[in-house]
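> full-length UniProt numbering applies: residue 1 is where the sequence shown begins, and numbers increase by one.
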Amino acid sequence: MNKLEKKQFYNQLLKLAVPISLQSLVMAVLYLVDQLMVGQLGGVAIASVGMASKIYSVISVVLAGLATGLAIYAAQYWGSKDRKSITPLLGLSLGIGLILSGSFTIFVFFNPRLCLSIFTTDKEVLENGYIFLKIVALSYIPTMLTMLYSAVLRSSGHVKYPMIVSIAAVGMNIILNYALIFGHWGFPALGLAGAAYATLISRIVESALIVGAIYRGKLPGAGGIKELSSFSKALCIPFLRTIAPIVLTELVWVLGEACYSVIYSRMGTAEMTAMTVTFPLQGLTIGLLAGLSGAAGIMVGHKLGENNNAGAFQYARFFVRIGVGISLLLGVLIAVLAPLYVSAFNLTVEERRMATSVICFFALFLWIKVGNMMIAGGILQSGGDSKFVFIMEASTTWLLGVPLGLLLSWGWKQPLPWVYFFLSLEEAVRLVIGYVRFRRGKWLKQLTHQGTEADCSA
Numbered sequence: 001m002n003k004l005e006k007k008q009f010y011n012q013l014l015k016l017a018v019p020i021s022l023q024s025l026v027m028a029v030l031y032l033v034d035q036l037m038v039g040q041l042g043g044v045a046i047a048s049v050g051m052a053s054k055i056y057s058v059i060s061v062v063l064a065g066l067a068t069g070l071a072i073y074a075a076q077y078w079g080s081k082d083r084k085s086i087t088p089l090l091g092l093s094l095g096i097g098l099i100l101s102g103s104f105t106i107f108v109f110f111n112p113r114l115c116l117s118i119f120t121t122d123k124e125v126l127e128n129g130y131i132f133l134k135i136v137a138l139s140y141i142p143t144m145l146t147m148l149y150s151a152v153l154r155s156s157g158h159v160k161y162p163m164i165v166s167i168a169a170v171g172m173n174i175i176l177n178y179a180l181i182f183g184h185w186g187f188p189a190l191g192l193a194g195a196a197y198a199t200l201i202s203r204i205v206e207s208a209l210i211v212g213a214i215y216r217g218k219l220p221g222a223g224g225i226k227e228l229s230s231f232s233k234a235l236c237i238p239f240l241r242t243i244a245p246i247v248l249t250e251l252v253w254v255l256g257e258a259c260y261s262v263i264y265s266r267m268g269t270a271e272m273t274a275m276t277v278t279f280p281l282q283g284l285t286i287g288l289l290a291g292l293s294g295a296a297g298i299m300v301g302h303k304l305g306e307n308n309n310a311g312a313f314q315y316a317r318f319f320v321r322i323g324v325g326i327s328l329l330l331g332v333l334i335a336v337l338a339p340l341y342v343s344a345f346n347l348t349v350e351e352r353r354m355a356t357s358v359i360c361f362f363a364l365f366l367w368i369k370v371g372n373m374m375i376a377g378g379i380l381q382s383g384g385d386s387k388f389v390f391i392m393e394a395s396t397t398w399l400l401g402v403p404l405g406l407l408l409s410w411g412w413k414q415p416l417p418w419v420y421f422f423l424s425l426e427e428a429v430r431l432v433i434g435y436v437r438f439r440r441g442k443w444l445k446q447l448t449h450q451g452t453e454a455d456c457s458a
């Protein structure tokens, strides 16, 4: 790039990445505040919320996969100036999302103990966690609406709206947490149930605000039922072929993470508690850098929509360098501050030691995790290379990560920090495979050249 092109690149990067990062960051801050408040209730409460959150993460990442597929197409349609195709694409995604989130809500709401029993046999954790999980299950449909409408806004460059709404929702959640967990301002002290009600109310309000902003401002996606349901077969079939591997990839990943949680929790409640307190910090860090991945998907997608493959590859290469460079510096800072962070929780000495060691290993692997997030999650997906990403994610998780975790924890009885360390090696293998694919450029594809004449239901 010449100086003018670089200036344009960085201006657009800041315009997209900062709001996306702030939105991810405030959501991570919310999770951190949740854990700090719940953490005052003791180790059992921390473990209960951690395991209940793993159940929620299954549906959330499946919906995130659907939102990613929607964002890929919306970004390319926006780049090719085909704005009309975005609304029916959103309508198709909403139909799929309603089926997924509705089914999950019904199952989890009526079977909370069954879901939690996958992760633990601790009776006290099951009794505390099931109340939290049952209430939070009602938030899955509002979460779906927020994810899909936010994906359309981001892909069309309207990134400030999701950020503002998320900040408002986080503020509400924190206030409700304070009131409902501990019984302040005349509210009853509901403990874990109070945290769950705060989450539910905040997510309902968040979805109402984001959808309301779209229709009030007549932004992309603001269509009536007729426009939302006007998707055609020529639009529908390629979209479904693209999102199926993306959703499966997210599902495979979260099931792998759930399996890791089973491994950690079956090692003991202390181990699960130690791991759980590290999750907010990990989410905070990844959230801080999520804007780069989101901006990469949008900006590279726009270039592909313009049929500018050379520009798309050049943008992608810049994003990888920036992401890895920032994460290396951030990893050092996290390792230094790890003991201070862990001291904020009401933990035993052994739990504190294990949590500190895990955070240090997380800091060591951070640049690898971010490299994967940039390449697989942002760049390869922007060109619709979802089948390759699915095969890569599934094979490294289930052929390497899960067997290694089971062997280390249950077979060789290794301590928690070393189990986490060797499980993280899966990320290194994935980065090598993804980088080779990235360099070969087979992901550079335009997805939006198909027509939209026939009705998908025909």
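Quick reminder that beta carbons are idealized off the backbone N, C-alpha and C, glycines included.
Bear in mind the structure is a predicted one, so any value in this text is a computation, not a measurement.
Residue 465 lies in the alpha helix (DSSP H); which residues open and close that run?
The first residue shown for the chain is 1 and the last is 458, placing residue 465 beyond what the model contains.
> Check each candidate in Q282, L347 and W398 and name the one with the smallest Cα separation from T269.
By 1-based counting over the sequence shown, the position of residue 269 is 269. Measuring from the Cα of T269, the nearest candidate turns out to be L347.
> CA-CA distance, K160 and M144?
Counting from one through the sequence shown, the residue named residue 160 turns up at place 160. Counting from one through the sequence shown, the residue named residue 144 turns up at place 144. Answer to the nearest angstrom: the Cα atoms are 19 Å apart.
> Kindly indicate the opening and closing residues of the alpha helix (DSSP H) around W367.
In the sequence shown, residue 367 corresponds to position 367, counting from 1. Unbroken alpha helix (DSSP H) run through W367: V349 to N372.
> Identify whether A458 lies in helix, strand or coil by the three-state DSSP scheme.
To locate residue 458, count along the sequence shown from 1; it is residue 458. Confidence is the limiting factor: at A458 the pLDDT is only 34, short of 50, which leaves the residue's position unreliable and the question unanswerable from this model.
> Quick check: the Cα distance between Q76 and G129, rounded to an integer number of angstroms?
By 1-based counting over the sequence shown, the position of residue 76 is 76. By 1-based counting over the sequence shown, the position of residue 129 is 129. Here the alpha carbons of G129 and Q76 stand approximately 42 Å from one another.
> Determine the DSSP secondary structure at S57, reduced to helix, strand or coil.
Counted from its first residue, the sequence shown places residue 57 at position 57. Helix, per DSSP.
> Tell me the DSSP secondary structure of S327 in three-state form.
Translated into the one-based positions of the sequence shown, residue 327 becomes position 327. In the structure shown, S327 sits in a helix (DSSP, three-state: H, G or I).
> Distance check for G186 and L70, CA to CA, integer angstroms please.
One-based indexing of the sequence shown puts residue 70 at position 70. One-based indexing of the sequence shown puts residue 186 at position 186. Their backbone Cα atoms lie some 44 Å apart in a straight line.
> Can you give the Cα-Cα distance for F109 and G97, rounded to whole angstroms?
Translated into positions along the sequence shown, residue 109 becomes position 109. Translated into positions along the sequence shown, residue 97 becomes position 97. Answer to the nearest angstrom: the Cα atoms are 18 Å apart.
> Taking buried to mean at least 16 other C-beta atoms within 10 Å of its own C-beta, is Y420 buried or exposed?
Stepping through the sequence shown from its first residue, residue 420 is reached at position 420. Result: buried.
> Can you tell which of I298, S261 and P88 has the C-alpha that lies nearest to the C-alpha of Y232?
Indexing the sequence shown from 1 puts residue 232 at position 232. According to the sequence as given, residue 232 is Ser; it is not Tyr. The option with the nearest alpha carbon to S232 is P88.
> Quick check on the DSSP output: the alpha helix (DSSP H) that includes I164 runs from which residue to which?
In the sequence shown, residue 164 corresponds to position 164, counting from 1. K160 to F182 is the extent of the alpha helix (DSSP H) around I164.
> Please go through the same chain and pick out, in chain order, the residues whose beta-carbon is closer than 6 Å to the beta-carbon of I334, but skip the five residues on each side of it.
Here residue 334 refers to the residue found at position 334 when the sequence shown is read from its first residue. Same-chain partners within the cutoff: A363.
> Inspect the beta-carbon positions of L423 and A274 and report whether they are closer than 9 Å.
Start at 1 with the first residue of the sequence shown, and residue 423 comes out as number 423. Start at 1 with the first residue of the sequence shown, and residue 274 comes out as number 274. No, Cβ-Cβ distance for L423 and A274 is not below 9 Å.
> Could you spell out the range, first to last residue, of the alpha helix (DSSP H) harbouring S101?
Counted from its first residue, the sequence shown places residue 101 at position 101. Run containing S101: I86 to F110, per the alpha helix (DSSP H) assignment.
> Span of the alpha helix (DSSP H) holding Q282?
Position 282 of the sequence shown holds residue 282. Taken as a continuous stretch (DSSP letters only), the alpha helix (DSSP H) holding Q282 covers T269 to G305.
> As a quick exercise: from A312, G383 and K81, pick the residue whose alpha carbon is nearest that of residue 462.
Because the chain here runs from 1 to 458, residue 462 falls outside it and cannot be looked at.
> Determine the DSSP secondary structure at W78, reduced to helix, strand or coil.
Taking the sequence shown and counting its residues from 1, one reaches residue 78 at position 78. Three-state result, W78: helix.
> Just how far apart, CA to CA, sit H302 and V389?
Counting from one through the sequence shown, the residue named residue 302 turns up at place 302. Counting from one through the sequence shown, the residue named residue 389 turns up at place 389. Taking the straight line joining both Cα atoms gives about 20 Å.
> Taking C-alpha atoms, which residue in I118, K134 and I106 lies nearest to P112?
Taking the sequence shown and counting its residues from 1, the one referred to as residue 112 is at position 112. If we check each option's Cα against that of P112, K134 comes out closest.
> How far does the alpha helix (DSSP H) with N346 in it extend, from its first residue to its last?
In the sequence shown, residue 346 corresponds to position 346, counting from 1. Run containing N346: none; DSSP gives neither H nor E here.
> In the structure shown, what three-state DSSP assignment does G401 receive?
For the purposes of this step, residue 401 is taken as the residue at position 401 of the sequence shown. In the structure shown, G401 sits in a helix (DSSP, three-state: H, G or I).
> So, does the stretch 368-381 touch the stretch 321-333, judging by three or more C-beta pairs under 8 Å?
yes
> Using 9 Å as the threshold, is the C-beta distance between G221 and G297 below it?
Walking along the sequence shown from the start, residue 221 turns up at place 221. Walking along the sequence shown from the start, residue 297 turns up at place 297. For G221 and G297, no; Cβs fall outside 9 Å.
> Is DSSP giving N309 helix, strand or coil here?
Here the question's residue 309 lines up with position 309 in the sequence shown. Looking at N309 - three-state DSSP - the assignment turns out to be helix.
> Which one of F318, W398, A208 and I214 has the shortest CA to CA distance from A168?
Against the sequence shown, residue 168 aligns to sequence position 168. With distances taken between CA atoms, A168 lies nearest to A208 out of F318, W398, A208 and I214.
> Taking only three categories from DSSP, how would you classify Q314?
Translated into positions along the sequence shown, residue 314 becomes position 314. Of the three classes helix, strand and coil, the one that applies to Q314 here is helix, per DSSP.
> Give the C-beta separation of V61 and E206 to the nearest angstrom, bearing in mind that I take them to be a contact with Cβ-Cβ under 8 Å.
Residue numbering aside, residue 61 sits at position 61 when the sequence shown is read from its first letter. Residue numbering aside, residue 206 sits at position 206 when the sequence shown is read from its first letter. At roughly 18 Å, the Cβ-Cβ gap does not stay under 8 Å, so V61 and E206 are not in contact.
> What is the rounded straight-line gap between the Cα of I329 and the Cα of L288?
Walking along the sequence shown from the start, residue 329 turns up at place 329. Walking along the sequence shown from the start, residue 288 turns up at place 288. It is worth fixing the name first, because residue 329 is Leu in this sequence and not Ile. Taking the straight line from one Cα to the other gives about 13 Å.
> Do I20 and A316 count as a contact pair if the criterion is CB distance below 9 Å?
Taking the first residue of the sequence shown as 1, we reach residue 316 at position 316. Taking the first residue of the sequence shown as 1, we reach residue 20 at position 20. For the 9 Å CB-CB criterion, A316 and I20 do not form a contact.
> Specify, as a first and last residue, the run of the alpha helix (DSSP H) that P417 falls within.
As a working note, residue 417 is residue 417 in the sequence shown. Counting along the chain, the alpha helix (DSSP H) containing P417 begins and ends at L416 to R440.
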